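K.L.:
Here my numbering is used: the first residue of the sequence shown is 73, the next is one more, and so on.
Glycine residues also receive a C-beta, built at the ideal position from the N, C-alpha and C atoms.
This structure is a prediction, so every number in the text was calculated from the model and none was measured.
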Amino acid sequence: MPTPLADFIHSARRLFVLTGAGCSTDSGIPDYRDADGQWKRTPPVNYQDFMGGEPTRQRYWARSLIGWPRFGQALPNGTHAALAALEARGQVEVLLTQNVDCLHQRAGSEAVIDLHGRLDQVRCMGCETRSDREAFQHTLLAANPGWETLEAGIAPDGDADLENVDFSAFNVPACPHCGGILKPDVVFFGENVPRARVDAVHAHLQNADAVLVVGSSLMVYSGYRFVQAAAKAGLPVAALNLGRTRADDLLTLKVEQPCAPALSFLLPATA
Ligand SMILES: [Zn+2]
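(1) Which runs of the alpha helix (DSSP H), 4 residues or longer, sit entirely within the region 238-320?
(2) Just the C-alpha distance for Gly-100 and Ile-253, rounded to the nearest angstrom, thanks.
(3) Any idea if Pro-333 is buried or exposed, counting beta-carbon neighbours within 10 angstroms, 16 or more meaning buried?
(4) Kindly list the residues whose CB is nearer than 8 Å to the CB of Gln-163, restricted to its own chain and excluding five residues on each side of it in sequence; keep chain order.
(5) Is the shortest distance between the beta-carbon of Ala-214 and the beta-carbons of chain B less than 8 Å?
(6) Pick out every residue whose C-beta is nearer than 6 Å to a heavy atom of ligand 1: which are they, in chain order?
(7) Among the candidates Pro-76, Asp-121 and Leu-335, whose CA atom is the shortest distance from the CA of Gly-262?
(8) Helix, strand or coil for Leu-87? Go by DSSP, reduced to three states.
(9) Tell whether a beta-carbon distance below 8 Å holds between Ser-336 and Gly-150.
(10) Between which two residues does the beta strand (DSSP E) containing Ser-136 stretch?
(11) Counting only the same chain and skipping the five closest in sequence on each side, list residues whose C-beta sits under 7 Å from that of Ala-303.
(12) Using CA atoms only, rank isn't needed, just tell me which of Ser-96, Asp-320 and Val-265 is closest to Leu-147.
(13) What three-state label does DSSP hand Ile-81 in the structure shown?
(14) Pull up the DSSP beta-bridge partners for Gln-193, would you.
(15) Round the Cβ separation of Tyr-220 and Leu-137 to the nearest angstrom and send it over; I've been treating them as touching at under 8 Å.
(16) Taking a contact to mean a Cβ-Cβ separation below 8 Å, would you say Arg-131 touches Phe-239 in this structure?
(17) Excluding the 5 residues flanking Val-259 on each side, which residues of the same chain have their C-beta closer than 6 Å to its C-beta?
(18) What are the start and end residues of the alpha helix (DSSP H) that includes Leu-147?
(19) When we look at the beta-carbon of Thr-169 and count the other beta-carbons within 10 Å, is it buried (16 or more) or exposed?
(20) For Ala-160, which option in Trp-133, Ala-93 and His-176 has the closest C-alpha, if you only look at C-alpha atoms?
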C-alpha cells in the first residue's frame, strides 16, 4: 500500500535529499542527539580548542586512534541503499549529507556533497595537503605504541569515548611536508562550512522541486538553513526522522519512523 512518504517521493522529479546521523545508526555509528534534539553525550571537539591547544589535539587524536578501526569498517545499511536506488532512478538532484562517514558513496550514491567534510581524509592546516586517514593510522600507531590496546566506545565523529586517561604523553604527528597542524578533513563545531560548498548546495536547491530530509533533527544551522531556504522558495519538504526536528513547522510531511524500513519500498523486490 502506498504510504504518504512514497507518494511524496514518487511525485517529485528532482529531489534535494538532506541526510544526518539517523542514516548511519544502523551501521553502528551512534547519533549525537536524542529524540528532543538534545546532546546525548559530551559534545564533540570545538575548532578553536583544537587549533589553539596541543592538549586538545592530543586528546582528539588519541581517541581517534582507538575509534578509527571500527569507524573505518562500518558498512552502509538499508537507508544508504534505498537512497542510492533513488538516485539510480534519476530522481536525485543532490544528496547533501551532514555525516562524515562516506557511507552514501560506499552504497553507490554519486551526487553527494559532504557538507561537513569526510573523516577518511586528513588535512594539513598549514599547506592544505590532503592525505588518507587509513595511512595516518599507521603513523599514529608508530608514534604511540601501546595506545591501540585501550578499549573505548565508538563516538559519532569517529573518535572514542575515552575518559580518565592522561593524554599528555600522546605524540601528535605534524605534517611531513611543512610541520603544520594535522586535522581531520571535517568541519568541527565552531568552524564554518567552506563558502564554495555552501554556494554549490544553493545552486542544487535552485534545480530541485522538493526536499527530503532523512535521519536528521536539523539542530545544526549549517544544514537547517537549506531547509529554511527551500521552504521560503515554496518547495515541499518531507522529513523522515525519529523525534523532533528544528524544521517541524516548515514541513509538508513528517514521518516518525526508523529510516530503513520506511524507505525499503525504493529497493528492488527480492525474489
Ligand atoms: Zn603541511
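P.N.:
With the structure as the only source:
(1) 267-279 and 293-304
(2) Your numbering for residue 100 matches position 28 in the sequence shown. Your numbering for residue 253 matches position 181 in the sequence shown. Their backbone Cα atoms lie some 30 Å apart in a straight line.
(3) Along the sequence shown, one-based indexing puts residue 333 at 261. Pro-333 comes out exposed.
(4) Reading the sequence shown from its first residue, position 91 is the one you call residue 163. Once the five neighbours on either side are set aside, the close Cβ partners of Gln-163 are Ile-81, Ala-84, Arg-85, Arg-86 and Leu-87.
(5) Considering every chain present, this structure includes no chain B. It has just one protein chain.
(6) Cys-196, Gly-198, Cys-199, Thr-201, Cys-247, His-249, Cys-250 and Gly-252
(7) Along the sequence shown, read from residue 1 onward, the residue named residue 262 stands at position 190. The shortest Cα separation from Gly-262 among Pro-76, Asp-121 and Leu-335 belongs to Asp-121.
(8) The sequence position of residue 87 within the sequence shown is 15, counting from 1. In this structure, Leu-87 counts as strand in the three-state DSSP scheme.
(9) The residue labelled residue 336 in the question sits at position 264 within the sequence shown. The residue labelled residue 150 in the question sits at position 78 within the sequence shown. For Ser-336 and Gly-150, yes; Cβs fall inside 8 Å.
(10) The residue you call residue 136 lines up with position 64 of the sequence shown. Per DSSP, Ser-136 belongs to no beta strand (DSSP E); it is in the alpha helix (DSSP H), 126-144.
(11) Counting from 1 along the sequence shown, the entry for residue 303 is found at position 231. Within the same chain, Ala-303 has close Cβ partners Val-309 and Leu-322.
(12) As a working mapping, residue 147 is identified with position 75 in the sequence shown. Answer by Cα proximity: Ser-96.
(13) Translated into the one-based positions of the sequence shown, residue 81 becomes position 9. Looking at Ile-81 - three-state DSSP - the assignment turns out to be helix.
(14) Residue mapping note: residue 193 aligns to position 121 of the sequence shown, counting from 1. In DSSP, Gln-193 forms a bridge with Asp-204.
(15) Residue numbering aside, residue 220 sits at position 148 when the sequence shown is read from its first letter. Residue numbering aside, residue 137 sits at position 65 when the sequence shown is read from its first letter. Residue identity check: residue 220 is Glu in the sequence provided, not Tyr. 6 Å between Cβ atoms; contact.
(16) Position 59 of the sequence shown, counted from the start, is the residue given in the question as residue 131. Position 167 of the sequence shown, counted from the start, is the residue given in the question as residue 239. It is a contact, given that the beta carbons lie within the stated cut-off.
(17) Looking up residue 259 in the sequence shown gives position 187. Excluding residues within five positions, the ones whose Cβ falls inside 6 Å are His-188, Gly-189 and Val-265.
(18) In the sequence shown, the residue the question calls residue 147 occupies position 75. Where Leu-147 is concerned, there is no enclosing alpha helix (DSSP H), given that its DSSP letter is neither H nor E.
(19) Looking up residue 169 in the sequence shown gives position 97. Buried, since its Cβ has 16 or more Cβ neighbours within 10 Å.
(20) As a working mapping, residue 160 is identified with position 88 in the sequence shown. Considering only alpha carbons, the answer is His-176.
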